[in-house]
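Colleague: The structure that follows is given in the form of structure tokens.
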Amino acid sequence: EAGVAQSPRYKIIEKRQSVAFWCNPISGHATLYWYQQILGQGPKLLIQFQNNGVVDDSQLPKDRFSAERLKGVDSTLKIQPAKLEDSAVYLCASSLSRGNYGYTFGSGTRLTVV
Amino acid sequence: DQQVKQNSPSLSVQEGRISILNCDYTNSMFDYFLWYKKYPAEGPTFLISISSIKDKNEDGRFTVFLNKSAKHLSLHIVPSQPGDSAVYFCAASSSYQLTFGKGTKLSVIP
């Protein structure tokens, strides 16, 4: 079984620029998550999709972050404009359903905002 | 407000001995607890879980213990192997959302 694919692996941008991350979950996984992991912290949930609908975006900074999951498969996470404090690893994960907590994580995208 | 706490940032253990990683939580609504393992430059990997209605779950060398009255869980690894060296995250679920601790870096010394 192929894992969760994420790209790019690394990204360096200047503050106030925009950036986008892409995620392809495991085939058949209905639930997709985006997490932000700041250095020295645990992953923090940003947004959760069930198929192509958002079921939880309570911790997403909506003034600058947006995400979509077209056709209930791939997903993109965008930041516009980026701030220095957005420097983190952005992890995508997927699971068969919302109640299945054995998530499969991708390797993440490391974002550095300078 | 940190609802899941891993108070030990790091732990060193000799190969073959037991590793015990600890986790405390504050939210009594958590209904499921998990441990994830993370190697550098990789995403976390699910390791073992336990429902809040149980007090122990075992899978090979890994055992998770839950003490609900103390709001405490622990992960035991016996015997520890050098390949177990990684960062271990404790996580707890409530309302379909996982909350992670900050992680404990385990180093198993050959």
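Protein chains in written order, with the numbering used here: chain A, 4 to 117; chain B, 398 to 507.
Idealized CB from N, CA, C, for every residue including glycine.
Tell me which residues of the stretch 431-456 of chain B have at least one Cβ-Cβ distance to chain A shorter than 9 Å, keeping chain order.
Modeller: Listed in sequence order: Leu431, Tyr433, Lys435, Ala438, Glu439, Gly440, Pro441, Thr442, Phe443, Ser446.
Colleague: Buried or exposed, going by whether 16 or more other CB atoms sit within 10 Å of the CB of A/Gln83?
Modeller: Burial call: exposed.
Colleague: Counting only beta-carbon separations shorter than 8 Å, does A/Gln39 have a partner in chain B?
Modeller: False, the Cβ-Cβ gap to chain B never drops below 8 Å.
Colleague: Can you give me the start and stop residues for the beta strand (DSSP E) that B/Thr423 sits inside?
Modeller: First-last for B/Thr423: undefined, no H or E at that position.
Colleague: Which residues of chain B have a Cβ atom closer than 9 Å to the Cβ of A/Thr108, listed in chain order?
Modeller: Position check: residue 108 of chain A holds Phe in this sequence, whereas Thr was assumed. Per Cβ cutoff of 9 Å: Tyr433, Lys435, Glu439, Gly440, Pro441, Thr442, Phe443.
Colleague: Please name the residues in the stretch 41-75 of chain A whose beta-carbon is closer than 8 Å to at least one beta-carbon of chain B, in chain order.
Modeller: The stretch 41-75 of chain A vs chain B, Cβ under 8 Å: Gly43, Gln44, Gly45, Pro46, Lys47, Leu48, Gln51, Val58, Asp59.
Colleague: Bridge partners for B/Phe515 per DSSP, in chain order?
Modeller: As shown, chain B starts at 398 and ends at 507. That puts residue 515 of chain B outside it, with no answer to give.
Colleague: Tell me, to the nearest whole angstrom, how far the beta carbon of A/Thr107 is from that of A/Ser97; I am working on the premise that it is less than 8 Å.
Modeller: Rounded, the Cβ-Cβ distance is 6 Å, consistent with contact.
Colleague: Run down chain A in chain order and give the residues with a C-beta less than 8 Å from the C-beta of B/Ser490.
Modeller: Residues of chain A passing the Cβ test: Tyr104.
Colleague: In whole angstroms, what separates the C-alpha of B/Ser407 from that of B/Met426?
Modeller: The alpha-carbon atoms of B/Ser407 and B/Met426 are separated by roughly 28 Å.
Colleague: Any beta carbon from chain A within less than 8 Å of B/Tyr485's own beta carbon?
Modeller: Cβ-Cβ to chain A under 8 Å: no for B/Tyr485.
Colleague: Once the 5 residues before and after A/Ile50 are set aside, which same chain residues still bring their CB inside 6 Å of it?
Modeller: Trp37, Asp60, Leu63, Ala70.
Colleague: When the Cα atoms are used, what is the spatial distance from B/Ser466 to B/Asp452?
Modeller: Each residue's alpha carbon lies about 11 Å from the other.
Colleague: Among all the DSSP beta bridges, which residues are the ones paired with A/Arg113?
Modeller: For A/Arg113, which the question treats as bridged, DSSP gives the partners A/Tyr13, A/Val92.
Colleague: Going along chain B in order, which residues have a C-beta closer than 7 Å to the C-beta of A/Leu94?
Modeller: Here the neighbours are Gly440.
Colleague: For the putative contact between B/Ser409 and B/Ser504, defined by C-beta atoms under 8 Å, what is the C-beta separation to the nearest angstrom?
Modeller: That pair is a contact at about 5 Å.
Colleague: Does the beta-carbon of B/Thr423 have 16 or more other beta-carbons within 10 angstroms, so that it is buried, or is it exposed?
Modeller: Exposed: under 16 other Cβ atoms inside 10 Å.
Colleague: Of the choices A/Phe52, A/Asn55, A/Lys86, A/Lys74, whose alpha-carbon is the least far from that of A/Asp66?
Modeller: When only C-alpha atoms are compared, the closest one is A/Lys86.
Colleague: Alpha carbon to alpha carbon, what distance is there between B/Glu412 and B/Thr496?
Modeller: Each residue's alpha carbon lies about 31 Å from the other.
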